[in-house]
Amino acid sequence: MKIQELADKMGLTIHTIRFYEKEGLLDERHVRRESNNYRNYSEEAVERLKLIKKFQSIGCSLAELKEVLQDHDANARTNLQIIDWIRGKKKEIESRKEEYDQMLDTLNKMLEYRTLLMEDPQKAQEMLKTWHAGLSD
């Protein structure tokens with residue numbers, strides 16, 4: 001299939017598919033050049049792009065993605081190694097979630113303060129004092 005057909009089928013842009021090729025995530029198993037130099041993509045390209053999207057959806061960086069796909073292609077990791085990798089990825093995401101929860105908590109307090117400032121400035125000042133006192137503990 002041509003690149004536009006693949007892009008439409010996968011919900012990607014042509015630019016993204018070319019980027020994946022340039023980065024080595026798609027290779028000769030996935031794309032062939034015709035005599036007119038047009039790219040022709042195999043069904044394996046569809047499966048590869050699904051795999052790429054799956055790993056991106058769990059927060060894999062480009063470097064991680066390259067490593068995972070190389071290991072996948074070479075069948076280089078044991079099931080236990082894959083389980084360890086998954087556990088590590090889970091810990092990484094849980095840590096980020098805690099950071100985001102703290103950010104949301106701070107934003108909620110800021111919003112509450114600013115809203116209260118419009119309705120009852122005295123209460124807003126009391127809230128701010130309580131908040132600052134809590135930060136210094």
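If you read the sequence shown in the UniProt record's numbering, its first letter stands for residue 1, the second for the next number, and so on. Built from N, CA and C at the ideal position, the CB exists for glycine as well. Here the structure is a predicted model, which means the values were calculated and not measured.
- For leucine 49, the CB contacts under 6 Å within the same chain, skipping 5 residues up- and downstream, are Met10 in chain order.
- Within the model, the alpha-carbon separation for glutamate 64 versus isoleucine 93 is close to 14 Å.
- Following the DSSP letters along the chain, one finds asparagine 108 inside the alpha helix (DSSP H) bounded by residues 79-119.
- For arginine 48, the enclosing alpha helix (DSSP H) begins and ends at 43-57.
- Asp27 is the residue among Ser95, Asn108, Asp27 whose C-alpha sits nearest the C-alpha of glutamate 43.
- Between cysteine 60 and the set Arg39, Trp85, Thr115, the nearest pair of CA atoms involves Trp85.
- For valine 46, the closest of Thr130, Asp120, Asn36, Glu5 by C-alpha to C-alpha distance is Glu5.
- The residue from Ala133, Thr16, Ser95, Asp105 with its alpha-carbon nearest to that of lysine 53 is Thr16.
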